[in-house]
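Protein chains in written order, with my numbering: chain Z, 904 to 1472; chain W, 1205 to 1698; chain H, 138 to 416; chain G, 6 to 330.
Comments concern the structure below.
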Amino acid sequence: MTSDLKTQPGMTGSDQVRPDALLSISGLKLALPTGADRPFAVDDVSYDLAAGEILCIVGESGSGKSMAANAVMGLLPHGVRPAAGRIMFEGRDLLTLDEAGMRAIRAARIAMIFQEPMSALNPLMRVGEQIAEVFEGHNRLKPRERRARALELLTEVGIPEPARAIDAYPFQLSGGQRQRVMIAMALALEPRLLIADEPTTALDVTTQAQILKLIRDLQIRHGMGVMFITHDFGVVAEIADRVCVMQHGKVVEIGTAADVLGNPSHPYTRGLIDAIPGMNVPDRAGPAITPDAAEPLLKVRGLTKTYHGKGGLLRKPRVVHAVDNISFDLARGETLGIVGESGSGKSTLGRCIVRLIDPDRGSAEIDGIDLASLNAKALRKERRRVQMVFQDPFGSLNPRTRVGQIIAEGPIAAGVPAAEARAQARELLATVGLDGSSADRFPHEFSGGQRQRVGIARALAMNPELIIADEAVSALDVSIQAQVLDLLAGLKARLNLSMLFVTHDLRVAAQICDRLAVMQRGRIVEMGTVAEVFGNPQSAYTRELLAAIPGRGPGTPLKRFAQAGAVLP
Amino acid sequence: APVEGGRANVVIQPEPPGLMLGMIQNGPTQMVAGNIYEGLLRYDPSLKPMPQLAESWTVSGDGTIYTFKLRQGVTWHDGEPFTSADVVFSVDVFLRETHARLRASLVHVENISAPDDHTVVFKLKQPFGPFLGIFEVGTMPMVPKHIYEGTDFKTNPANNTPIGTGPFKFKEWVKGSHILLVKNENYYQEGKPHLDEIYWHVIPDAASRAVAFETGTVDILPGGSVENFDVQRLTALDNTCVTDKGWEFFAPQSWLWLNNREGPTADVRFRKAIMYAMDREFAKEVLWNGLGDVATGPFSSKIRFYSDKVTPYPHDPDKARELLKEMGYDGTPIRLLPLPYGETWQRWAEAVKQNLEEVGIKVELVATDVAGWNQKVADWDYDLAFTYLYQYGDPALGVSRTYVSTNIAKGSPWNNVAGYASPEVDKLFADGAVAFSDKKREGVYTAVQKKLVDDVPVAWLLELGFPTIYRCNVKNLITTGIGVNDGFKDAWIE
Amino acid sequence: MNGFLKRFAQNRGALIGLAILFIVILVAIIAPLIYPMSPWKMVQRPFLAPFDVAGLPLGTDTLGRNVASGLAHGARISLLIGLVSTVVALAIGVPLGAVAGYYGGIVDDALMRFTEFFQTVPSFALAVVLVAIFEPSIGSIVVAIAVVSWPPVARLVRGEVLSLRTREYVEAATLAGQSNTTIILRQILPNTLSPIIVLASLMVATAILLESSLSFLGLGDPNVMSWGYMIGAARTVIRQAWWLSFFPGIAILLTVLALNLVGEGLNDALNPRLARQGH
Amino acid sequence: MALARFLIGRLFKAALVLLAVLVLNFFLIHAAPGDPAAVMAGEAGAADQIFLDQLRERFGLNLPLHEQLWIYISGVVQLDFGFSYRQQMPVLDLILDRLPATLLLTGTAFVISLIMGVAAGAVAAMRRGRWSDTAITTAALIFYATPLYWVALMAVLLFSVTLGWLPGFGMETVGGNYTGLDRWLDVAEHLVLPALTLGLFFMAVYTRMTRASMLEVSRLDFVKTARAKGLKPGVIQRRHVLRNAILPIVTLAGLQAGQMVGGAILTETVFAWPGIGRLMFEALLQRDYNLLLGVFFISAAMVILFNLVTDLVYRIADPRIEAAG
Ligand SMILES: Nc1ncnc2c1ncn2[C@@H]1O[C@H](COP(=O)(O)OP(=O)(O)OP(=O)(O)O)[C@@H](O)[C@H]1O
Ligand SMILES: Nc1ncnc2c1ncn2[C@@H]1O[C@H](COP(=O)(O)OP(=O)(O)OP(=O)(O)O)[C@@H](O)[C@H]1O
Ligand SMILES: [Mg+2]
Ligand SMILES: [Mg+2]
C-alpha cells in the first residue's frame, strides 16, 4: 500500500523527504466516521521533521492539526482510522505497529503534550505519582528512585516549590503549573520527538513565555525534534525552525519560518499573516470620550470578593482575594481592556459587576442603579442592560439547545414574541458571520471559534448598553479573530456600546481598547489609555507583561511584529 | 418395644409469641407448650376423657358436682410438688383472669374447692353438658401457684422460662431460630417420655419448610405447616407417613361469615344462593388435596351430637340463579375478605369469587393482613369473610358461640360476627348446654342444626383436614384427639 | 424532532426494545379480544403443563385457570403499575431534587432531610405499611411504590442540578433575565435527562417486582390479574409447576429488557453529543 | 477543625432527623388498621371485650395517641425503647439479639456484591462490545429483573435439595452444638446461599453502574495521557479509569449499606435467617408498635450513619471534594 504513494497526485509538501528526518509523514489520510463534517480529517498530508528541529504547525481550527499528531502517537479517537499513508519514525512505519509496539514507543521515544492541559491529568492521583508512572510503564529506575527523578523533573520545568508540588493533586495547581507537570511527564524519558499541541493557549503571556523558553531550552539540551501546534503567530515567530500551514485537512504550505512568515506563497497563509493583530496603538485622536464628560455608564466602587476555600481533611482553608477593592468608571461608548495573568481576578470582576456573584463589599452601579439593591423581579428586568460573553464558549452554551433558540431565549423572556425573536436570532448569526442555517444546529456541531461568535450574538440579542467580553476571542485563529474584533468595533461605533474587554492577549487589547487596566492578584496595578500603558508602563508587572509578548524580538521573521516592536520600549 | 432417647425435629409455624400457655393460647404456643404444661385430662380420638394429672373423676347424679382425684407424686419442673392448691389457683385465679375461652365456660361454675391435697371439687350452678370437655391442656393448663401467686401475671419474669409438670422441660429459645425442650427426668409416669429432646424449628417460609423436611432437617410437619399443594409431593417421598388424625378435639370447621345485618346478605335467599353457587367439592379436591369433608352445617362431623339430617346444599348454580332472581338481586357488589393465612386461603377466595360471579353475584376481594382482617371482621366491616374455628369437641364449647344472639358484640372476630339472631336458636343452645343427659342434648342439637342449616347464617365450607406429615420411623406420635398439640409423651423414634 | 427520530431509528438495540415493548402493549390492549373470558375463570383441570391441551398453550395454574390469558390480561396491570408508579415517583423526585439542588442552602437542607426520612424506613417495609393503611388496590399500590422509589430520584437529580447550576450557560440564562422556573425547566433539567432515563427504566422493573412481592405477602390488589400476582402465587407450587412462575418471569424480564434498551436508545438519541459516536 | 465541625453539624442534624423520623413513623404505624390487641385476640382463637380491654390497658393503647407518643419519645430519649407488646421483652434486647445475624448476612452480601459487581462491571467495560461484555450485561439485567425469592428458591433446590452441598436455611445447624472454629465454619456454610441470593441483585446494579461509569471515564482526556505514557491497558483501567469511575459507586454503596438492617426481609424469610428483617416484618404484621418503631429507629440510625460515612469516604476518595454540608 505504500510503494505508489509517492507518485500520488495532490502531494502538497513543498520540499522532498529529507534523508535525516526523524519523523516523516507521507500521504497520510485519516478517515472520519460517517456523519462528520468531512470524510477525511487529514487528507493526503506529508511533512517531516529532523532531530533537533522545531516544526510549528499552524492553521485554522479544525484543519486536522491535532488529528495528525494523534495519529503519530497511535491515539486516534474512537471511530477515526488511518486510511492511507505512512508515518515513518526511526525506520519503522508506526501505522503498522501493533498496540504493544506502540506502547514501547510512547513516552520513551515520542512524547506528547495534549491540547487541553486542564483535564489531561488524573484528578485523583498526586502529580508525583503520575510522573513516576512513566518510569514504571517502561520499567525504568527502581521504585524509590522514581520519586527522586520526578522531583528533579518538576524542578527542571520550573514549578515553584517542587517539593510541595510533587504531593499535590492536579486541582491544587494552577493551569500553568499543570501544563508544566504535563511537560515534565513528556520529558521524563528524554524522548527523541516531542509533540506539543497548543500547550500555551489560555495561558497569560508571562507564563506562556516561561513555557516556550523551557521547551526551547530542553530541545537544545536534549537535541529533540519538536512538533509544535499553535494558532499564535507570535509563538511561531518566536520558536519555529520550520512552519507547516494546514487548511481543511491539507497542508497548504511548508517551509522555513523565514520563508513562510516573511514570504508566504499560499493565499491562505497570506490571509492568516495579514490578520495578525499588530502592536501599534490605534491612531485615534486621543480617547474618543473623556471619562468625566458625562455621567459614566458604569461606576465601580471598592468592589471586593474573597474566596474562602473550605479546607480539606488535612489542609488549611485557602483564602483568595480574587477582587480586592477595585474602583473605576466606564463611560458610554468606551471600551476598557482588562489584562493580567491567569487567576488575577478578571473574570471574577466581570461576574461581580453583572451580579452573577455577590461581592463581599463595594458597589457597581449601572446608570446610577445598583443591581444589588433590586429585588428578584426588578433585577431580572434590569439585567438586560448588561450582558456578558463568557470565557468558556462551550460551557456557556446549553448542549441540548439549538443555537437559534439559545439566542432567542433572552428576548423571549423579556417579552418579545417568539417568532420575532427567532427571526432576530438568525439576523444576529449572520451579523457575526455565521450562516442562517446554523440556528438549527447544536453547540457541539460548531468549531470553537464559531461557538465564541454564538456567545457574542447572544449578548447582542438583548440590546445591552454594556458588554462584558471575557476572553471573547481567545480560541479563535487569527483570521477569524480579526473578523470578530472588526465586528465588535463596528457595533460599538454604531450602537454606542460600552465594553469591558477581558483578555490576556495584549495585542488584541491594543487593537480594540480605549483604555487598559492591568490586574494582578485582584488589584488594578495600572490603568490608562492604551498608548500610556504600552508606551510608558508604570508598574513593574506591566513591563513584565509587555516583555513577555512572544514573537517581537529583533530577529523575528515577521515584518509586522518588527514594525510593531518599534513602537514599544 | 419403644426405643429410648433420640431427638425429634419439628416445625413450628409461626414462631410463638411466648410459651406461657396460661397466658397465651394461640396455636403455636399450645403446640410447643402442650409438652411443658398439662391439664387434668386428655381426650382420645373419639373424645372420651383420659386421665392426665387427674387419676380419676366422678360426677354427681344431678351433674353439678365434679370431683377429681389428682395423681400422687407429681412435681413441677423446679421440684416443687403439684397439689390441689395449684389447681384451684390455676383455674379460679390465674386462668379466670387470662383465659377468655375458659372464662366463658367458668360462668357455669359456682365454686372450686380443694378438700385435700389431691382432691379438687368443681361445683356448678346448674348442669353443664360439656363440662368434662374443658380439662385439656389448651383450655385449662395447670400453672404453678408458688411462682405466680401474688404477682402480676403478665410481667412475671418466669413467663420466659415456663415451669410446668409435663414430660418435657423448657431448655432454650433462640428467637427466630429454634426452641429446645428436653426430657423431664422426673416425670411422674414411669418410662415416659422416650425422647431426649425436641427441637422446634422456626422456618417462616412454607416452601423452605418443605425443603427442610426433604433434606432431613426436620422429621415432623404438623398440620398446616406446608402448603397443601406440597402435601402430595412430600408424602410420596420414602419413609414418609401422613395422617389427618389428631385434630378430632379441635375439629376445625371453615365457613364464610355472611353479614346478616345489611346488604344482599341480609336476605336468606341470597345466603342460600351462595351455598348453592359454591363448588365445595372442587375446593376440597384441588385446594385441600381431598383431605377433610364438605361441611353439611354448623356442626363438624367429628364432634358430639352431629346430625346429617339437614337440607343439603349441593353445587347447583341454576338453583342459585333462581333464588337470586326470586329475591330480585340487583347486582350490588359484595366484598369478600379472604383469610390472610397463606396461599391456599387466597386461592380459595379466588375460587369462591369465581363461583359467585358465575351465578351473577358481583364480588370484590378485599385483601388485608392479619391485623386488618381481625379489625374488619371484629368491626363487622365486611359482606363475606373467610374464617375457620375450632369446635372443641362439644357444641356448647365450640359451636354455639357463633350463633347465639347474646354473643353479638363488636370487637372480637370470634363471637357471633354474622349478627344472626334467632330466639329459637338461642333457646335451643341454652337448653343444650345445661341439659345433662346426652339423649336430651342430642334432640336439642339435632333441632338446632336443622334450623340453622335452613337459615344459613353463615356459609359453611369444609371440615378442614390438617395432615401431619412425618417420617414413618417416628412412632406413637399421635395417640389422642389432641394430636401433636398435647405432646410427645408417648412418641419414640425407631 | 426529525433528527431525534432518525438517531433513535439508527440504534438497533432501541428498535428491538421498542418492538418488544410494542408487542407487550399490543397484547395488553387486545387481551380482552383474544381472551374474552375473565383470566380468573377456571377453565380446565389444574396444573396442566404447557401444550398438554389444545387452546392452553401455557398450561393452567393452581385452580385450572388459563396461564396465557392471565399473562395477556396481566400485561395491562403490570405495565400500568410499573409505568404509573415510575411516573409518579419522577413527578415527586424530579421537582424536589431540582428545587433542592437549584436553591441550595436551607431549602436544600430541609428537602434533603425530608428525603432522608423516606430513606430511613426500609423501603419494602414502608410499602407494606402504606398498602396496609390504604388497603390494597391498584391506586394504593401505585402510590406506595412511588413513595418508596422517589428518594433516589430526588438525590440523583439534586446532585446533577447542584453541579449544573454553576454552569456558565445557566449563568447566561440568568443574565438574559430568565426566571428561575424557566431556567430549571429549560436549561437544567434537559441536561439531567440521561441518568434519569436510565434510572427510570430500571424503576419500572423494580415497581413490577415490588408489586409482586406485595402480592406474595397477600397485599396485592386481589381483583386484578398481574404478572407480579402470577409469580407470587406460583411460588408455592414452583416444585410442581415450573411454568407458572416461568412465563410471567420471562414476561417481566423481556419488558424490563425492552425498557432498558429503549431507555438507552432514548438517552443516546436525546443527547446530541452522542449522536455521532459509534458505541 | 473543619472535620470536627462538619461531624458535629451532621450529628446534630442527624439527631433532629431521627426525632422527626420517630414521630412520623409513630403516626404512620398507628394509622394502619388493627392494633396489637386485635391481632393477639385474633390469634388466641377466642376473645371477649374484657380480654381486649385488658390487653389495651396493659399496652397503654387506651391512652390518647399524643400521650402515647409522648411516653414513647421520652423513653427513647433515655434510650429506652419500651417493651414489645407481643414478645414481652424489652425491644432493645430483641433487636440486639437479632442484629448480629442480619449484619452478618447483609454485610457479607454487601461485600460480595460490591467486589463481584465492580469486578464484573470492570471486565465488561474493558471488553466493551465483545461477547464477554454482552454476557455480563445480560446476566446483570436478568439478575436485576428476576424476583429475589424465585432465585432464592432455585438456589436452594439446586444446591441444597438436589446436590446436597449446602444447607438451605437457618443460620447454623440447630442442635449441632459446635464451638469455636467448627461453629464458624458451620455458620459460613449456612451463609453462602442467602448471601449470594441477596448479593445478586446488588451485584447486578453495581455491574451496570461500574460499566457505565468506566466507559464514561474512558472517554476523558487523562486516560489518553495515560496511554501516551505507554502504560499497559490493565494498569490504565485499574489505576486511572476504575479509580475515577468508583465515585458514583460509593454513593450507591452508601445507600445499600444504610439499608442493611431492613433490606433483607424476603431473603431472611426464605432462608429462615434469624435476622432483624424478619423481626420487623413480623412486628409489622402483628402491629407490635414498640418493636417496629425500635427497628425503624435502628434502621434510620444506620441509614444516617452510612450517609455520613459515605460523605467521609467521598472526601477521602476524591481530594477535590471539600466539605459538602
Ligand atoms: N472524535 C471525532 N469524531 C469525528 N470527527 C472529529 C473527531 N474529532 C475531531 N473531529 C473532526 O476532525 C477534524 C480535525 O480535527 P482536529 O482536532 O485535528 O483539528 P485541529 O486542527 O486540531 O483544530 P483546533 O485548532 O481547534 O485544535 C475537525 O473537522 C473535527 O470536527
Ligand atoms: N468559586 C471559587 N472558589 C474559590 N476560588 C475561586 C473561585 N473562582 C475563582 N477563584 C479563584 O479566584 C481567583 C481569580 O479567578 P478568576 O477566574 O477571576 O481569574 P481570571 O483572572 O479570570 O483568570 P483566567 O485568565 O485564568 O481566566 C483565582 O485564584 C481562582 O483560583
Ligand atoms: Mg487541536
Ligand atoms: Mg477568567
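Cβ coordinates follow ideal geometry from the N, Cα and C atoms, glycine included.
H:P183 touches chain W at which residues, Cβ-Cβ below 8 Å? For the purposes of this step, residue 183 of chain H is taken as the residue at position 46 of the third sequence. Under the 8 Å cutoff, chain W gives V1490.
Identify each residue in the stretch 1288-1304 of chain Z for which the Cβ-Cβ distance to at least one residue of chain H is less than 7 Å, and report them in chain order. Under the 7 Å Cβ criterion, the stretch 1288-1304 of chain Z contributes Q1290, M1291, F1293, D1295, G1298, S1299, L1300, N1301, P1302, R1303.
To the nearest angstrom, how far is the alpha carbon of G:Q1 from that of G:M131? This structure does not reach residue 1 of chain G, given that chain G is present from 6 up to 330, and the question cannot be answered.
Would you decide whether Z:G1215 is buried or exposed? Buried here means 16 or more other CB atoms lie within 10 Å of its CB. In the first sequence, the residue the question calls residue 1215 of chain Z occupies position 312. Interpretation of Z:G1215 is limited by its pLDDT of 42, a score under 50 that renders its predicted location unreliable; the figure taken from the coordinates is listed afterwards. By the neighbour-count rule (16 or more Cβ atoms within 10 Å), Z:G1215 is buried.
What is the rounded straight-line gap between the Cα of W:A1308 and the Cα of G:F174? On the second sequence, residue 1308 of chain W is found 104 positions in, with the first residue counted as 1. On the fourth sequence, residue 174 of chain G is found 169 positions in, with the first residue counted as 1. If I take the Cα positions, the gap works out to 42 Å.
Simplified DSSP state of Z:L1233, which is helix, strand or coil: The residue you call residue 1233 of chain Z lines up with position 330 of the first sequence. Correct three-state label for Z:L1233: strand.
Could you tell me the alpha carbon to alpha carbon distance between G:A322 and G:R248, rounded to whole angstroms? Against the fourth sequence, residue 322 of chain G aligns to sequence position 317. Against the fourth sequence, residue 248 of chain G aligns to sequence position 243. About 9 Å.
Just to make sure I have the definition right: I need the residues of chain C whose C-beta is within less than 7 Å of the C-beta of W:R1211. Which are they? Among the protein chains in the structure shown, which are Z, W, H and G, there is no chain C.
Within chain Z, the residues that G:L236 reaches when beta carbons sit closer than 7 Å: Residue 236 of chain G sits at position 231 when you count from the first residue of the fourth sequence. E1036, G1040, listed in chain order.
Measuring only between beta-carbons, confirm whether Z:E963 sits less than 8 Å from chain H. Translated into positions along the first sequence, residue 963 of chain Z becomes position 60. So, not an interface residue.
G:G288: buried (16+ other C-beta within 10 angstroms of its C-beta) or exposed? Counting from one through the fourth sequence, the residue named residue 288 of chain G turns up at place 283. With the sequence shown as reference, residue 288 of chain G is identified as Ala, and Gly is not the correct amino acid for it. That one is buried.
Roughly how many angstroms lie between the CA atoms of W:G1368 and W:R1508, to the nearest whole one? Counted from its first residue, the second sequence places residue 1368 of chain W at position 164. Counted from its first residue, the second sequence places residue 1508 of chain W at position 304. The alpha-carbon of W:G1368 is positioned some 31 Å away from that of W:R1508.
Of the listed residues W:I1228, W:Q1217, W:A1589, nearest to W:G1428 (C-alpha basis): Taking the second sequence and counting its residues from 1, the one referred to as residue 1428 of chain W is at position 224. Selected option, being the one with the closest Cα: W:Q1217.
Helix, strand or coil for W:C1445? Go by DSSP, reduced to three states. Within the second sequence, the letter at position 241 stands for residue 1445 of chain W. If DSSP states are grouped into helix, strand and coil, W:C1445 belongs with the strands.
Within 8 Å of any Cβ in chain H, is that where the Cβ of Z:D1186 sits? Within the first sequence, residue 1186 of chain Z is the residue found at index 283, counting from 1. Unreliable placement is indicated for Z:D1186, whose pLDDT of 48 sits below 50; the coordinate value is still reported in the next sentence. Not an interface residue.
On the CB-based measure, 16 or more other CB atoms within 10 Å of its CB, does G:L84 come out buried or exposed? Mapped onto the fourth sequence, residue 84 of chain G falls at position 79. Label assigned to G:L84: exposed.
Where H:W380 falls, given that 16 or more other Cβ within 10 Å makes a residue buried: As a position in the third sequence, residue 380 of chain H is number 243, starting the count at 1. H:W380 is buried by the Cβ-count criterion.
Give the DSSP-derived three-state secondary structure of W:Q1393 in the structure shown. Reading the second sequence from its first residue, position 189 is the one you call residue 1393 of chain W. W:Q1393 falls in the coil class under three-state DSSP.
Quick one: give me the first and last residue of the alpha helix (DSSP H) that Z:V1433 is part of. The residue labelled residue 1433 of chain Z in the question sits at position 530 within the first sequence. Per DSSP, Z:V1433 belongs to the alpha helix (DSSP H) from 1433-1438.
Reduced DSSP category for W:F1374 - H, G, I as helix; E, B as strand; rest coil: The residue given as residue 1374 of chain W occupies position 170 in the second sequence. In the structure shown, W:F1374 adopts extended strand secondary structure according to DSSP, grouped into three states.
Does the stretch 196-214 of chain G come into contact with the stretch 143-157 of chain G, if we say contact requires no fewer than three beta-carbon pairs (one atom in each stretch) closer than 8 Å? yes
Which of the three DSSP states is assigned to Z:S929 in this structure? Working through the first sequence from its first residue, we reach residue 929 of chain Z at position 26. In the three-state reduction of the DSSP assignment, Z:S929 falls in the strand class, which pools E and B.
So, using beta-carbon positions, are W:M1346 and W:D1290 closer together than 8 Å? Indexing the second sequence from 1 puts residue 1346 of chain W at position 142. Indexing the second sequence from 1 puts residue 1290 of chain W at position 86. Yes, these two residues count as a Cβ contact at 8 Å.
With 16 other Cβ atoms within 10 Å as the buried cut-off, status of G:L23: Along the fourth sequence, one-based indexing puts residue 23 of chain G at 18. Buried, since its Cβ has 16 or more Cβ neighbours within 10 Å.
Who pairs with Z:C959 in a beta bridge, going by DSSP? Locating residue 959 of chain Z in the first sequence gives position 56, counting from the first residue. Beta-bridge pairing links Z:C959 to Z:F1131, Z:V1146.
For H:Q181, is the beta carbon positioned less than 7 Å from some heavy atom of ligand 6? Ligands displayed in this structure: ligand 1, ligand 2, ligand 3 and ligand 4; ligand 6 is not among them.
Are there 16 or more other CB atoms within 10 angstroms of the CB of W:H1281, so buried, or fewer, so exposed? On the second sequence, residue 1281 of chain W is found 77 positions in, with the first residue counted as 1. Its Cβ being crowded by 16 or more others within 10 Å, W:H1281 is buried.
Residue range of the beta strand (DSSP E) that includes W:L1384: For the purposes of this step, residue 1384 of chain W is identified with residue 180 of the second sequence, where counting begins at 1. Looking at the DSSP string, the run of the beta strand (DSSP E) that includes W:L1384 is 1382-1387.
7 Å Cβ shell around Z:D946 - same chain, five flanking residues per side excluded: To locate residue 946 of chain Z, count along the first sequence from 1; it is residue 43. The answer, listed in chain order, is K932, G1152, K1153.
Taking all protein chains shown into account, do 16 or more other C-beta atoms lie within 10 angstroms of the C-beta of Z:H1211, making it buried, or fewer, making it exposed? Numbered from its first residue, the first sequence carries residue 1211 of chain Z at position 308. Exposed: under 16 other Cβ atoms inside 10 Å.
Using the Cα positions of W:I1540 and H:Q324, report the straight-line distance between them to the nearest angstrom. As a first step, residue 1540 of chain W must be located in the second sequence, where it is residue number 336. As a first step, residue 324 of chain H must be located in the third sequence, where it is residue number 187. Checking the sequence shown, residue 1540 of chain W turns out to be Leu, not Ile. Using only the alpha carbons, I get a separation of about 53 Å.
Assuming W:T1268 and W:Q1330 make a contact with CB atoms under 8 Å, what is their CB distance in whole Å? Position 64 of the second sequence, counted from the start, is the residue given in the question as residue 1268 of chain W. Position 126 of the second sequence, counted from the start, is the residue given in the question as residue 1330 of chain W. Yes, W:T1268 and W:Q1330 are in contact; Cβ-Cβ is about 7 Å, under 8 Å.
Which runs of the beta strand (DSSP E) spanning at least 3 residues fall entirely within the stretch 975-1014 of chain Z, listed in chain order? 984-992
First through last residue of the alpha helix (DSSP H) which encompasses W:E1314: Stepping through the second sequence from its first residue, residue 1314 of chain W is reached at position 110. No alpha helix (DSSP H) holds W:E1314; the beta strand (DSSP E) holding it covers 1313-1320.
Please classify H:W364: does DSSP put it in a helix, a strand, or coil? In the third sequence, residue 364 of chain H corresponds to position 227, counting from 1. Helix at H:W364.
At a CB-CB cut-off below 9 Å, which residues of chain Z make contact with H:N328? Here the question's residue 328 of chain H lines up with position 191 in the third sequence. Per Cβ cutoff of 9 Å: N1301, P1302, R1303.
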